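Reviewing the structure listed below.
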Amino acid sequence: NAGVMQNPRHLVRRRGQEARLRCSPMKGHSHVYWYRQLPEEGLKFMVYLQKENIIDESGMPKERFSAEFPKEGPSILRIQQVVRGDSAAYFCASSLNDRLSNQPQHFGDGTRLSIL
Amino acid sequence: GQQVMQIPQYQHVQEGEDFTTYCNSSTTLSNIQWYKQRPGGHPVFLIQLVKSGEVKKQKRLTFQFGEAKKNSSLHITATQTTDVGTYFCAGPDKLIFGTGTRLQVFP
């Protein structure tokens, strides 16, 4: 029973390039959340998605960032024209039901993004 | 918007000492969840509290939800080096995470 799978574990990009982070939720989970964590800091909510729908993207920067969760395949967090400030750990989590139900979130190992 | 604050930010204890972290929300919470993140790891769900005044125990860990459902605490009795990590509380809406308490245990 595989948990939440994120890849790559580490990603290095130069300023101006694009970064694509992938997340496959736990089997049976249709709710996906993305968080960003800067070193020594807490987790900051970015976006909440269900299959083919963005439910809440209030934590995501309006420019350069986008997320999707297609009918088939993993959820993708895409960062265009990366800048040094995008360097962080990006965690994906999934849950069985929506965030307001009493269901815990299961986290992946994260993607550590480094911008040169 | 909803904010969840935790204190203390850091705590260093000697192995065997007790540890407590406190979580305070600006609004009433329908439930609160606690997570632990080991250094270099990812958050792992520990427990969820739903009822006012609820107390739950997991071995040496005791979790409490305040009567007004605006605060919560996690108490660890007789800490061990395996308890090292950052403990986060989280409210339900958008899973707003608290600022976290980083626990360091010295042998």
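Chain order of the listed sequences is A and B. Just so we're aligned: 62 in this note's numbering is position 62 of the first sequence, and the numbers increase by one with no gaps anywhere. Position in the second sequence (first residue = 1) + 1000 = this note's numbering. Every residue, glycine too, gets a C-beta built ideally from N, C-alpha and C. Every value quoted in this text rests on a predicted model; they were computed, and no experiment measured them.
Within 7 Å of the CB of Ile1096/B, the CB atoms of chain A belong to Phe45, in sequence order along the chain. For Phe1063/B against Ser1052/B, the beta-carbon gap comes to about 14 Å, at or over 8 Å, which does not count as contact. Rounded to whole angstroms, Phe1097/B and Tyr1087/B show a C-alpha spacing of 10 Å. The alpha-carbon of Ile55/A is positioned some 22 Å away from that of Ala89/A. In the three-state reduction of the DSSP assignment, Arg84/A falls in the helix class, which pools H, G and I. In the structure shown, Thr1081/B adopts helical secondary structure according to DSSP, grouped into three states. The C-beta distance from Thr1079/B to Gly1016/B rounds to 7 Å, short enough to fall under 8 Å. Under the three-state reduction of DSSP output, Ser1026/B falls in the coil class, being neither helix nor strand. Judged by DSSP secondary structure, Arg64/A falls outside any beta strand (DSSP E); it is assigned neither H nor E. Using a Cβ-Cβ cut-off of 8 Å, Thr1077/B does not count as an interface residue toward chain A, since no Cβ of chain A sits closer than that to its own. In chain order, His1042 make up the part of chain B whose C-beta sits under 8 Å from the C-beta of Gly110/A. Nearest to Cys92/A by alpha-carbon distance, out of Gln17/A, Asp109/A, Arg78/A and Val83/A, is Asp109/A. Within 10 angstroms of the beta-carbon of Asp1018/B lie fewer than 16 other beta-carbons, which makes it exposed. Rounded to the nearest whole angstrom, the CA to CA distance from Asn97/A to Tyr48/A is 12 Å. Distances from the alpha-carbon of Lys1059/B to those of Arg1102/B, Gln1048/B, His1075/B and Tyr1035/B put His1075/B closest. For the C-beta of Gly42/A, the chain B residues within less than 7 Å are, from N- to C-terminus, Phe1088, Phe1097, Gly1098, Thr1099 and Gly1100. When DSSP states are grouped into helix, strand and coil, Arg1102/B belongs to the strand group.
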